[in-house]
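Q:
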Amino acid sequence: MIRLKAERAFTYDVPFVGDLKPYAHQAVQLEMVDYIFKTKQKAIIWNEAMTGAGKTLANYSYLVQNKRAKALGIYPVNELVKDQFASVNDRRHLPLGKWDEVAVWTAEELQKNRMQGQSKLKQMMETMGKSYRAILSNPDHLMMVAQERLFSYKMGEKPLLFYHLLPYTLQIFDEFHLYDIAQVNFLIQWIALLQVISPNPYAFLLSSATPRAEFFRLAENLGLPILRVQEEIPRWEEEHRAQRVGERIYLEPLQLEVKPNMLEYWGTYEKIIDQWADIEKYLQEYPQAKGLIILDSIHEAQMLAQELRDRGYQVGEVHGLSDREHSRQELGKQITVATATVEVGVDFKGEIHKDFLIFEARDAGSFMQRLGRIGRGSREKPEIPLCAWVYTPYYVAEQLNQYHTEEISREQLKQLVTNTYRHYQDFFPYIEKVGGMNLVHAYYQLRRHEYKEEQTERLQVLPITIEKMYNESFTSQNERYKKWRKQKILEPVLHFRGSNTMEHHVLGLKDQTEREAFYPDIWFWDESIPGRLRKYDFNFLLRRRHVEFISKEEMIEKIKAYFQGAERDEKIEELKKSHVLGYAEVLGVREKAARFYWNLPYRANSLKGKLARFDKLILKAENDPALTEQLLDLFSFKEKKSWIVFISPHSVKELTERLRLPPMFRVYPARTTTGREWSIAFNSEAFQLWSVIGERESEVF
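In our numbering, each number is its position in the sequence shown, counted from 1, plus 2.
1) DSSP on residue 29, reduced to helix/strand/coil?
2) Please report the Cβ distance between residue 671 and residue 679, rounded to the nearest whole angstrom; I am assuming they are in contact, meaning their Cβ atoms lie under 8 Å.
3) Mark residue 279 as exposed unless 16 or more other C-beta atoms lie within 10 angstroms of its C-beta, in which case mark it buried.
4) Below 8 Å on the Cβ atoms is my contact criterion, and I expect residue 314 with residue 358 to pass it. Report the Cβ-Cβ distance as a whole number of Å.
5) Going by beta carbon distance, what residues of the same chain come within less than 6 Å of residue 445, once the five residues before and after it are set aside?
6) Thinking C-alpha only, which one of 630, 47, 480, 189 is nearest residue 77?
7) How do the stretch 192 to 201 and the stretch 64 to 73 stand: do at least 3 beta-carbon pairs fall below 8 Å, yes or no?
8) Could you name each continuous alpha helix (DSSP H) segment of 4 residues or more that falls completely within the stretch 367 to 451, going from the start of the chain to the end?
9) For residue 635, report the span of its alpha helix (DSSP H) as first-last.
10) Scan the stretch 103 to 165 and note each continuous beta strand (DSSP E) run of 3 residues or more that stays entirely inside, going in chain order.
11) Skipping 5 residues on each side, what residues in its chain have a beta carbon closer than 6 Å to that of residue 114?
12) Opposite residue 261 in the DSSP bridges: which residues?
13) For residue 687, name the three-state secondary structure that DSSP assigns.
14) From the DSSP output, which residues share a beta bridge with residue 650?
15) Under the rule that 16 or more other beta-carbon atoms within 10 Å means buried, what is residue 121, buried or exposed?
16) Contact between the stretch 204 to 222 and the stretch 248 to 257: three or more CB pairs below 8 Å?
17) Taking only runs of the alpha helix (DSSP H) that begin and end inside the stretch 527 to 568, which ones reach a length of at least 4 residues, in chain order?
18) Looking only at its own chain, which residues have a Cβ that is under 7 Å from the Cβ of residue 485, when we skip the five neighbours before and after it?
19) Starting from residue 206 and walking both ways along the beta strand (DSSP E), at which residues does that stretch end?
20) What are the start and end residues of the beta strand (DSSP E) that includes residue 671?
21) Do you know offhand how far residue 534's Cα is from residue 527's?
22) For the beta strand (DSSP E) that residue 14 lies in, which residues bound it at each end?
23) Apply the 10 Å Cβ neighbour rule to residue 158 and answer buried if 16 or more other Cβ atoms are within range, or exposed otherwise.
24) Under the three-state reduction of DSSP, which class applies to residue 191: helix, strand or coil?
25) Applying the 10 Å Cβ sphere with the 16-neighbour rule, what's the burial state of residue 21?
26) Using the Cα positions of residue 606 and residue 521, report the straight-line distance between them to the nearest angstrom.
27) Beta-carbon separation of residue 349 and residue 85 under 7 Å?
28) Residue range of the beta strand (DSSP E) that residue 491 falls in?
29) Below 8 Å on the Cβ atoms is my guess for residue 595 versus residue 546; work out the distance and round it to an integer in Å.
30) Measuring CA to CA, which of 645, 415, 307 is closest to residue 319?
31) Residue 385 to residue 60, Cα distance in whole Å?
32) What does the alpha-carbon distance come out to for the pair residue 515 and residue 89?
33) Run through DSSP, which three-state label would residue 173 get?
34) Give me, in chain order, the residues of the same chain whose beta-carbon lies closer than 8 Å to that of residue 356; leave out the 5 immediate sequence neighbours on both sides.
35) Per DSSP, which one or two residues make a beta bridge with residue 477?
36) Going by C-alpha to C-alpha distance, which of 133, 185, 164, 469 sits closest to residue 687?
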């Protein structure tokens, strides 16, 4: 096993939060934030402190120093929002005022606390009162605020949520390295919008162990100062000569075993079961040990959890189909089997602490993120030694196992892991090809509802800002915006996750014959999962489940029979708004995964290498005539459906290998009328794929 050293840091005798003595990075970041607000600037502060080093306290410490300050915290997954809420709301660590409150904007939390007859807009407005010091949410809600999708405005009215967010001048974007290129592009445009619209000073705090070159480039073009915490620490130590008062261990020592596996063929849960003897030996020696297992497949997580229950273990599940409301209890069980939903930020301390970890890692980022889930404590000599087993591709295991007898630091391991894994497609050309579409859209929104005359200062500044950021004229970007809007393919660019949330607000669809873009998701009813009702990607559901397709009306009847009150009404409303592939009832689990391809009509030949809105697609199953027959019925639509796609005349395997597509990038097999193997991507992935190959595939291949 590779032995990882404990990570230590000095604490200093300087004013911070309550009686706490800060690490250097915490003191430096607080000083930077204070300077920004005193000098009334807008600036980005980048903190690259390691996992477990107290970034949360660093981010929110200014709320204690300035009783009038307000913070907006944005986190990529809802489990992290929950975890951060517990930390920020803990008065022992962050002593906010007696009446200070923290709001959570996630669909689950808002739905749980919404009163009968209360609108979502009104509920969110009420959580922005004087007593609320912070709002914690996800990028989806930020996008909806930016695009006015939570407010059906009339001409001349202002989008209230957006303007009420302007006083939240401490803006925190955590685990920023996990965002894909489209999400990075959206968030820098959010920052640019605030720079143009709001006179307030802003401290944009980005917490990430991995800098993003494309983000820095756009921020520099925007003219925003970028302050790096780690670069200022030597100056701070020299200038303040603060007394060191102690040394804390923030990451405990850990033993790591690297196991090879063919991850591209899945089946890691079977490997874990086959090699469970190692874990059993550990548990026999330390029967009180608690563990976490992180897999990429929900199906594999479910299968492994059931197998371990059958062996007598107390097992919790945390993934997209588990009980979201009771995830904290599931995390506290003897063994928790989870997916990427716990990969970032969840602080496994106290009742949910974990002593051993098993995970699969398809890329370097996933490796380091998942490894950081345990050991975030300060035990000098833990009663139970921390152990981790990681399943990697064979070439990674071969390289890393050369160090199996050595003791190294986390930083050394990070360098080894980063250098060992193959580098995947970064989609940098997306920035250049898509440009500032969100800001162009914002330009038209501002012109529509805020001003009577176009020639106002802000409307003049915004196009200039867009040009500076992307080194391209506003006229050129505006033409692209209008072209994509006319083609009705703009939605995946404007939406953070590329889905069709209220597409009619973007495209202004009025004619009933004009349909919104449909997405390859399925609403399904499963009696075996908490909450029964879920919406998921077609590939997961149909590959691993036997289903019976039902009508939208039949699904609504199931909702009416099972749910009650406001929850029932909201689920029906959400289902009615969703433009999905279909509706299904789960009958059981498949022993062998089904395989699918999208059948392309002859016309697809003219669309290859292009972005298009397409209405002639059929999904078929390999070697399963009965399922294919079911799918044909599913595609006998009563209403017109269309899809935003990118079609490539190359197989998924060829695209993946030549372009080094990231693990689990959503591109699917397709076939032409002559049986040739092509591929197809939808929505945001369609734009990302187009950005790197587009109509020049012959050059790429």
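Glycine included, each C-beta is placed from N, C-alpha and C at the ideal position. The structure displayed is predicted, hence computed values, not measured ones.
A: Quick look at the numbers:
1) helix
2) 7 Å
3) exposed
4) At roughly 17 Å, the Cβ-Cβ gap does not stay under 8 Å, so residue 314 and residue 358 are not in contact.
5) 464
6) 189
7) no
8) 396 to 402, 412 to 422, 431 to 436, 439 to 451
9) 627 to 636
10) 103 to 107, 134 to 139
11) none
12) 393
13) helix
14) 681
15) exposed
16) no
17) 540 to 546, 554 to 564
18) none
19) 204 to 209
20) 670 to 673
21) 5 Å
22) 9 to 14
23) Reliability of the predicted coordinates at residue 158 is poor, the pLDDT of 47 falling under 50, and the value obtained from them is presented with this limitation in mind. With fewer than 16 other Cβ atoms within 10 Å, it is exposed.
24) helix
25) exposed
26) 18 Å
27) yes
28) Careful: residue 491 lies outside any beta strand (DSSP E) and carries neither H nor E.
29) 6 Å
30) 307
31) 30 Å
32) Confidence is the limiting factor: at residue 515 the pLDDT is only 44, short of 50, which leaves the residue's position unreliable and the question unanswerable from this model.
33) strand
34) 292, 293, 294, 338, 350, 375, 376
35) According to DSSP, residue 477 bridges with nothing at all.
36) 185
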